[in-house]
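Here our numbering runs 586 ahead of the position in the sequence shown, where the first position is 1.
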Amino acid sequence: MAKDEGGKIGVVTALVRGAFLVNAVYAEDFYAETCRRIDLLPSGLDAPEREQLADLLGRVVRDNAVPVVFVDPA
């Protein structure tokens, strides 16, 4: 942790740390709501179209080496 000469954390460090802690409280709700909304996106597609979409999106993710953002909690 960044500290000044007196051994105290700086204002910016304290603000960032505080914001992170506050945001961590909302992370689970954000994850659940994000997953729910993403699940609804292809609702107008039939099963073969959904499979094709999943294949295409998977390829885009692999081709672009997209990093993991959310880990399935299961």
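Each residue gets a CB set at the ideal place from its N, CA and C atoms; glycine is no exception. The structure presented is a predicted model; accordingly, all values stated were derived computationally and were not measured.
Find the nearest neighbour of residue i within the set the options, judged by alpha-carbon distance.
i: valine 657; options: Leu639, Val602, Gly596, Cys621; result: Cys621
i: leucine 639; options: Leu601, Ile624, Val652; result: Ile624
Go to residue i, then tell me how far its alpha helix (DSSP H) extends in each direction, as first and last residue.
i: leucine 631; result: It is not in any alpha helix (DSSP H) - leucine 631 carries neither H nor E in the DSSP assignment.
Beta-carbon within less than 6 Å of residue i's beta-carbon, same chain only, minus the 5 sequence neighbours each way: which residues are those?
i: alanine 600; result: none
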